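Q: Protein chains in written order, with my numbering: chain A, 255 to 402; chain B, 255 to 402. In this text, a Cβ means the ideal position worked out from N, Cα and C, and glycines have one as well. Just so it is clear, the structure is predicted and the values come from calculations on it, not from any experiment. For reference, the structure I am asking about is given below.
Protein chains: 2
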Amino acid sequence: MPLPETEIPGRLQALLVQRGIRMTGPRRAILGVIETANKHLDASQILRKAQKSDPSVDRSTVYRTLGLLKRHGLIDELDLMHLNGDGHYYERKLGQDHIHMACLRCGKITEFVSERFDSLKSQLEQECRFRIVVARLEVGGYCTVCRR
Amino acid sequence: MPLPETEIPGRLQALLVQRGIRMTGPRRAILGVIETANKHLDASQILRKAQKSDPSVDRSTVYRTLGLLKRHGLIDELDLMHLNGDGHYYERKLGQDHIHMACLRCGKITEFVSERFDSLKSQLEQECRFRIVVARLEVGGYCTVCRR
DNA sequence: TTTTTGTTGCAACTGAGTCGCAACTAGAAC
DNA sequence: GTTCTAGTTGCGACTCAGTTGCAACAAAAA
């Protein structure tokens, strides 16, 4: 009879174990939240959701786990144009970088993938001889509905 | 005999007066700092420099003035990839948007202007029907000197 | 089972940014 | 120049995100 947490292993957990990172209850809870999130979450939202599967999880563990994931390049940290205060939002890092557009009126976040973004990054790598680790393009403005 | 502050009027000050914004001693001091800065400054650095021309300037006035300038679209707010904590940096907004590249090793900030960036923004405006107010592209990685 | 080493909860702390308020003042009106 | 008023300021208290030192704990190796 498998334990509940091993029934939903998730790629994040597998990737970390694979790299020799120790797996614990609080970590499984936090990774699960990040992996199943359907929108961008900030640290306190991740904490609240993680506590639903492991009520003992502490704020500091959330921050430490987010730090771990950042260091391993498994999540991206976003500001979303500071629409709601100065905190940060997190999302699973997947294959292709994408752009975040934040509507200054309704708050909607739109994501967009563009080959022109990749082309721009290539230009930076080549012309500036800069090795890109992470690139973040955030745009603030008015979405289709809110523009007049 | 002109007063010292009117000898270095600055475009920022002129632009604000032109828009009917009241000009005060603390404001002149803060605008002067932003205008003559040769690198990206955060709020506490702006405070310290502003206090050299007007020692009574308070932290809250710096934040309020930065808010004013942001609302008028006269400055840009940057994170510079959170190289030093989670605070914000400010710079005078000039004609063309530029990219900020932050070296994760030596901390150097490189600015770069690219027509591909403008092309990408046009694509967002057209294909996503999104009206861009502000666009911020920040890149973290290794500069020419620090890459191996 | 024991050992080692990384991880955790806790509580105290730091530092950026905000806010309400009474005192003040820039600039307009006279 | 004097008066008036609405916008601005310094102050002090506050909020909130994120960090840290530490003793207790537990995953995984031996």
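Kindly indicate which residue of A/L358, A/E381, A/V399 has the alpha-carbon position closest to the one of B/S368.
A: Closest by alpha carbon: A/E381.
Q: I want to verify the contact list: residues of chain A whose CB lies under 7 Å from the CB of B/L358, in sequence order.
A: Those within 7 Å of B/L358 in chain A are V387.
Q: Can you give the Cα-Cα distance for B/T319 and A/S310, rounded to whole angstroms?
A: Their Cα atoms are separated by approximately 43 Å.
Q: At a Cβ threshold of 8 Å, is A/S368 touching chain B?
A: Yes, A/S368 lies at the interface with chain B (some Cβ there is under 8 Å from its Cβ).
Q: Out of A/V387, A/E379, A/R359, which one is the CA nearest neighbour of B/I386?
A: The candidate whose alpha carbon is nearest that of B/I386 is A/R359.
Q: Could I get the ranges of all uninterrupted alpha helix (DSSP H) runs contained in the segment 271-322 of chain A, with 4 residues as the minimum, in chain order?
A: Runs found: 279-290, 297-307.
Q: Against A/M277, what residues of chain B qualify as contacts under a CB-to-CB distance less than 9 Å, listed in chain order?
A: Within chain B, no residue comes near A/M277; the closest Cβ sits about 27 Å away, beyond 9 Å.
Q: If you draw a straight line from the C-alpha of A/Y317 to the C-alpha of A/A297, how long is it?
A: Between A/Y317 and A/A297, the C-alpha separation is close to 7 Å.
Q: Could you pull out every residue in the same chain whose Cβ sits closer than 6 Å to the Cβ of A/E289, ignoring the five residues on either side in sequence?
A: If we look at A/E289 and ignore the five residues flanking it on each side, its Cβ neighbours are G264, L266.
Q: If the cut is a Cβ gap below 9 Å, which residues of chain A does B/G403 touch?
A: Summary: the structure shown does not reach residue 403 of chain B, with chain B confined to residues 255 through 402, and so no result is reported for it.
Q: Return yes when the Cβ of A/M335 is within less than 8 Å of the Cβ of A/E379, no when it is not.
A: No, the pair does not count as a contact, with Cβ atoms beyond the cut-off.
Q: Could you compute how far the alpha carbon of A/T315 sits from the alpha carbon of A/L301?
A: Near 9 Å, if we compare the C-alpha coordinates of A/L301 and A/T315.
Q: Please classify A/H352: does DSSP put it in a helix, a strand, or coil?
A: Three-state DSSP puts A/H352 in coil, outside helix and strand.
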